[in-house]
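Note that the protein sequences, when read in sequence, are chains R and X. Each residue of the first sequence is one higher than the one before, starting from 0 at the first, in numbering that gives the first Met the number 0. Each residue of the second sequence is one higher than the one before, starting from 0 at the first, in numbering that gives the first Met the number 0. Ideal Cβ positions, reconstructed from N, Cα and C, are used throughout, including at glycine.
Protein chains: 2
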Amino acid sequence: MLSPFADDTLASGKMEDVMQGLQLRSLVKESGELELSLQRVDTPEPKDDEVMIRVEGTPINPSDIGLLTGPADMAHAKASGSKDSPVVSAPIPQNLMRAMAPRIGQSMPVGNEGAGTVIKAGKNAQNLMGKKVAAIGGAMYSQYRTVRAADCLVLPEGASAKDGASCFVNPLTALAMVATMRMEGHKALAHTAAASNLGQMLVKICLKDGVPLVNIVRKPDQAALLKDIGAKYVCDSSSPNFFEDLTSALVATNATIAFDAIGGGRLGSQILTAMEIAANKNATSYSRYGSTTFKQLYIYGALDTSPTELVRSFGFSWSVAGFLLTPFLQKIGPEEGAKLRARVAAELKTTFASHYSHTISLAEALDLNVMSAYLKRATGDKYLIDPNKGV
Amino acid sequence: MLSPFADDTLASGKMEDVMQGLQLRSLVKESGELELSLQRVDTPEPKDDEVMIRVEGTPINPSDIGLLTGPADMAHAKASGSKDSPVVSAPIPQNLMRAMAPRIGQSMPVGNEGAGTVIKAGKNAQNLMGKKVAAIGGAMYSQYRTVRAADCLVLPEGASAKDGASCFVNPLTALAMVATMRMEGHKALAHTAAASNLGQMLVKICLKDGVPLVNIVRKPDQAALLKDIGAKYVCDSSSPNFFEDLTSALVATNATIAFDAIGGGRLGSQILTAMEIAANKNATSYSRYGSTTFKQLYIYGALDTSPTELVRSFGFSWSVAGFLLTPFLQKIGPEEGAKLRARVAAELKTTFASHYSHTISLAEALDLNVMSAYLKRATGDKYLIDPNKGV
Numbered sequence: 000m001l002s003p004f005a006d007d008t009l010a011s012g013k014m015e016d017v018m019q020g021l022q023l024r025s026l027v028k029e030s031g032e033l034e035l036s037l038q039r040v041d042t043p044e045p046k047d048d049e050v051m052i053r054v055e056g057t058p059i060n061p062s063d064i065g066l067l068t069g070p071a072d073m074a075h076a077k078a079s080g081s082k083d084s085p086v087v088s089a090p091i092p093q094n095l096m097r098a099m100a101p102r103i104g105q106s107m108p109v110g111n112e113g114a115g116t117v118i119k120a121g122k123n124a125q126n127l128m129g130k131k132v133a134a135i136g137g138a139m140y141s142q143y144r145t146v147r148a149a150d151c152l153v154l155p156e157g158a159s160a161k162d163g164a165s166c167f168v169n170p171l172t173a174l175a176m177v178a179t180m181r182m183e184g185h186k187a188l189a190h191t192a193a194a195s196n197l198g199q200m201l202v203k204i205c206l207k208d209g210v211p212l213v214n215i216v217r218k219p220d221q222a223a224l225l226k227d228i229g230a231k232y233v234c235d236s237s238s239p240n241f242f243e244d245l246t247s248a249l250v251a252t253n254a255t256i257a258f259d260a261i262g263g264g265r266l267g268s269q270i271l272t273a274m275e276i277a278a279n280k281n282a283t284s285y286s287r288y289g290s291t292t293f294k295q296l297y298i299y300g301a302l303d304t305s306p307t308e309l310v311r312s313f314g315f316s317w318s319v320a321g322f323l324l325t326p327f328l329q330k331i332g333p334e335e336g337a338k339l340r341a342r343v344a345a346e347l348k349t350t351f352a353s354h355y356s357h358t359i360s361l362a363e364a365l366d367l368n369v370m371s372a373y374l375k376r377a378t379g380d381k382y383l384i385d386p387n388k389g390v
Numbered sequence: 000m001l002s003p004f005a006d007d008t009l010a011s012g013k014m015e016d017v018m019q020g021l022q023l024r025s026l027v028k029e030s031g032e033l034e035l036s037l038q039r040v041d042t043p044e045p046k047d048d049e050v051m052i053r054v055e056g057t058p059i060n061p062s063d064i065g066l067l068t069g070p071a072d073m074a075h076a077k078a079s080g081s082k083d084s085p086v087v088s089a090p091i092p093q094n095l096m097r098a099m100a101p102r103i104g105q106s107m108p109v110g111n112e113g114a115g116t117v118i119k120a121g122k123n124a125q126n127l128m129g130k131k132v133a134a135i136g137g138a139m140y141s142q143y144r145t146v147r148a149a150d151c152l153v154l155p156e157g158a159s160a161k162d163g164a165s166c167f168v169n170p171l172t173a174l175a176m177v178a179t180m181r182m183e184g185h186k187a188l189a190h191t192a193a194a195s196n197l198g199q200m201l202v203k204i205c206l207k208d209g210v211p212l213v214n215i216v217r218k219p220d221q222a223a224l225l226k227d228i229g230a231k232y233v234c235d236s237s238s239p240n241f242f243e244d245l246t247s248a249l250v251a252t253n254a255t256i257a258f259d260a261i262g263g264g265r266l267g268s269q270i271l272t273a274m275e276i277a278a279n280k281n282a283t284s285y286s287r288y289g290s291t292t293f294k295q296l297y298i299y300g301a302l303d304t305s306p307t308e309l310v311r312s313f314g315f316s317w318s319v320a321g322f323l324l325t326p327f328l329q330k331i332g333p334e335e336g337a338k339l340r341a342r343v344a345a346e347l348k349t350t351f352a353s354h355y356s357h358t359i360s361l362a363e364a365l366d367l368n369v370m371s372a373y374l375k376r377a378t379g380d381k382y383l384i385d386p387n388k389g390v
């Protein structure tokens with residue numbers, strides 16, 4: 000068993016400012032093999048404007064899994080190493096290796112965001128010493144992480160690291176959807192995989208802000224969950240009346256922008272088609288090119304990695320595009336971004352509350368059974384890593 | 000045989016200002032049947048700011064065929080009526096009737112653009128009397144057409160109606176592509192079905208303006224045709240090296256925007272993938288979300304009406320959208336639009352020269368054999384209707 004940091008630093012006889020800690024790494028080898036492991040790494044000493052965080056909660060988001068396992072075939076993953084120092088290997092299909100070229104041979108840290116306690120602070124960041132903070136910036140699947148003080152969000156009084164672990168990706172993405180809807184001139188929006196953690200936040204934001212929202216889910220119990228938290232329009236794609244329900248909801252709300260976490264298959268195309276039918280309900284004359292109502296579908300996830308199929312029966316006034324948080328934040332600039340972050344902090348335990356079904360250690364994150372559970376990305380199954388658990 | 004307009008007006012004993020003429024009509028019936036016919040209609044007398052054109056050339060563009068036959072199954076079309084007054088009927092598949100709702104029961108005139116001689120002019124448009132002009136505005140598959148003088152483009156000295164028949168749709172769309180490339184910050188562009196009439200114009204525009212252009216064609220003889228008129232990058236999708244050729248051309252040109260006339264299948268997706276590979280050739284670090292280079296695919300046609308399949312191996316920085324000329328012209332405004340039209344007039348016999356393989360009458364346009372030929376929309380087979388031929 001690995002000893003806690005303080006003892007470890009002392010026991011190792013190193014200079015007291017070298018803090019070692021475990022870090023989860025993902026490596027794509029030239030041979031076409033993915034290797035996941037835990038490395039013992041030095042944590043950089045904070046500079047004047049930096050702090051060192053003991054990470055106590057970091058979520059496994061779909062956006063993390065992209066970097067963690069990449070396109071590897073995890074059904075054929077193999078475990079090796081020891082319980083405390085596990086190694087997982089998996090083959091990467093040859094045709095998918097081309098896209099891996101830029102990362103071959105680089106052992107990469109993982110984990111977009113997390114929260115914990117500031118245990119060291121540079122001279123200009125002493126006010127953060129001992130505070131619970133959240134941070135975004137990668138490599139959060141680490142025991143310790145040094146970041147810029149300016150990149151930390153101080154959690155409100157009484158909030159735990161678990162409360163603050165998912166402060167950025169889901170809350171800011173949900174806020175970005177509503178902001179994008181407004182910036183691009185739409186009046187209402189639609190969302191798929193709507194019972195997700197992010198989807199529940201979006202329901203609460205839209206209720207609070209009076210924005211009509213059409214929620215699309217895949218199962219009746221997901222529909223019930225959203226109805227319970229106040230969602231007005233919920234369409235279940237497993238229902239035989241799905242397309243009619245969706246069209247009615249789009250007619251009622253005038254939603255002409257949708258955010259899709261699924262990506263593959265024909266759901267996005269169905270949404271655009273239903274939007275077109277809704278637009279034509281009010282059309283007074285026939286246009287050979289379809290309605291002039293502009294319909295936007297943003298794909299922000301890849302729960303289904305199969306091809307997106309567009310059955311183009313929705314005219315020519317449409318766009319399907321990728322959507323990512325970082326370019327959105329760059330577009331709105333730091334001032335607007337700060338406003339969004341302040342809202343997340345203010346509503347951390349209400350609008351932006353996250354629920355985790357499991358809290359696991361770094362070693363458990365590389366346990367094949369645990370992995371096969373969280374890689375399913377099932378709605379309601381949300382994993383939190385506590386990198387200081389069990390070490 | 001139908002008599003020419005002058006005799007007809009006199010012989011019919013009607014007031015001399017009622018000009019009758021043949022007009023091609025397309026009707027979708029409630030029963031799910033398409034009916035094409037020739038109607039004898041009154042041509043509205045020109046108001047003060049209008050002129051009446053005797054239409055002498057009007058092309059059959061893919062954009063016209065959308066309105067002409069809609070989604071009807073033309074393989075099962077039947078002819079009736081007489082030689083001079085033909086009627087064509089064809090069934091519309093039931094599942095495609097929903098999109099037809101706004102036009103059911105309306106007998107619609109066809110034909111986006113054309114050219115001819117001004118035979119009557121309102122008091123403020125007397126300067127156009129007797130001139131050869133081109134016009135856009137629908138219903139050009141008519142013997143006579145009354146339009147606003149401001150919507151006419153006076154053809155340069157010596158140009159025939161045939162020279163001016165395709166003054167708008169193809170030339171302005173080709174110019175719109177280059178303008179859109181510039182407006183959206185791209186430096187080079189790619190184009191599919193590139194040996195089309197429009198594609199040849201685009202080659203000439205890009206050569207003249209020094210814009211790198213990647214031409215994608217489907218046959219070796221189309222590639223040869225484009226090379227003959229000076230195209231530098233031509234990729235033949237029937238070649239086994241197509242994807243490598245395309246990627247090399249995109250690396251060489253840095254084209255990050257493409258205009259696709261085909262729509263269906265995976266070609267658009269291949270273009271985006273090749274653009275992503277080209278972008279990554281210069282990448283210095285790995286991004287789990289793909290390159291940050293924004294890649295744009297515009298679909299402006301539907302030569303293949305099957306679903307568009309996007310194999311999303313090109314990150315999240317991309318957009319696929321419909322593209323139409325009219326919203327583009329609205330976006331740039333009348334002043335910029337006038338500049339584009341002036342360029343078309345100035346280069347009518349060079350950059351914007353159109354070639355027609357057949358000139359047919361309105362009655363021939365409803366001949367089943369002729370129809371099956373022009374509905375193929377084969378590159379190199381371009382049909383011009385002369386509505387005053389044979390009447």
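Would residue i count as contacting chain R if we go by Cβ distances under 8 Å?
{"i": "residue 308 of chain X", "result": "yes"}
{"i": "residue 323 of chain X", "result": "yes"}
{"i": "residue 144 of chain X", "result": "no"}
{"i": "residue 315 of chain X", "result": "yes"}
{"i": "residue 279 of chain X", "result": "yes"}
{"i": "residue 184 of chain X", "result": "no"}
{"i": "residue 262 of chain X", "result": "yes"}
Give a yes or no on whether 8 Å exceeds the smallest Cβ distance from residue i to chain X.
{"i": "residue 157 of chain R", "result": "no"}
{"i": "residue 301 of chain R", "result": "yes"}
{"i": "residue 241 of chain R", "result": "no"}
{"i": "residue 140 of chain R", "result": "no"}
{"i": "residue 217 of chain R", "result": "no"}
{"i": "residue 7 of chain R", "result": "A caution first: residue 7 of chain R carries a pLDDT of 40, below 50, which makes its placement in the model unreliable, though a value can still be read off. No, its Cβ sits nowhere closer than 8 Å to a Cβ of chain X."}
{"i": "residue 214 of chain R", "result": "no"}
{"i": "residue 318 of chain R", "result": "yes"}
{"i": "residue 312 of chain R", "result": "yes"}
{"i": "residue 288 of chain R", "result": "yes"}
DSSP state of residue i, grouped into three classes?
{"i": "residue 334 of chain X", "result": "helix"}
{"i": "residue 245 of chain R", "result": "helix"}
{"i": "residue 93 of chain X", "result": "helix"}
{"i": "residue 280 of chain X", "result": "helix"}
{"i": "residue 390 of chain R", "result": "coil"}
{"i": "residue 351 of chain X", "result": "coil"}
{"i": "residue 373 of chain R", "result": "helix"}
{"i": "residue 139 of chain X", "result": "coil"}
{"i": "residue 101 of chain R", "result": "helix"}
{"i": "residue 13 of chain X", "result": "With a pLDDT of 43 at residue 13 of chain X, under the threshold of 50, the modelled position of this residue cannot be trusted, and the question is left open."}
{"i": "residue 185 of chain R", "result": "coil"}
{"i": "residue 20 of chain R", "result": "strand"}
{"i": "residue 228 of chain X", "result": "coil"}
{"i": "residue 275 of chain R", "result": "helix"}
Just checking my contact of residue i with residue j at CB under 8 Å: how many whole Å lie between their CB atoms?
{"i": "residue 365 of chain R", "j": "residue 127 of chain R", "result": "With 8 Å as the limit, residue 365 of chain R and residue 127 of chain R do not qualify as a contact, their Cβ atoms being about 31 Å apart."}
{"i": "residue 310 of chain X", "j": "residue 170 of chain X", "result": "Contact doesn't hold; Cβ gap of about 34 Å is too wide."}
{"i": "residue 210 of chain R", "j": "residue 177 of chain R", "result": "6 Å"}
{"i": "residue 158 of chain X", "j": "residue 131 of chain X", "result": "6 Å"}
{"i": "residue 327 of chain R", "j": "residue 321 of chain X", "result": "Not really, about 23 Å apart at Cβ, beyond 8 Å."}
Would you say residue i faces chain B, with C-beta separation under 8 Å as the test?
{"i": "residue 196 of chain R", "result": "Reference to chain B is not applicable here, since the protein chains of this structure are R and X."}
Please classify residue i as buried or exposed, where buried requires at least 16 neighbouring CB atoms within 10 angstroms.
{"i": "residue 289 of chain X", "result": "buried"}
{"i": "residue 112 of chain R", "result": "buried"}
{"i": "residue 214 of chain R", "result": "buried"}
{"i": "residue 277 of chain R", "result": "buried"}
Chain X contacts made by the region 98 to 119 of chain R, where a contact means CB separation under 9 Å: If the cut-off is 9 Å between Cβ atoms, the region 98 to 119 of chain R has 98, 99, 100, 101, 102, 103, 105, 107 near chain X.
Selection of the region 363 to 384 of chain R by Cβ proximity to chain X, strictly under 7 Å: Here the close residues number zero.
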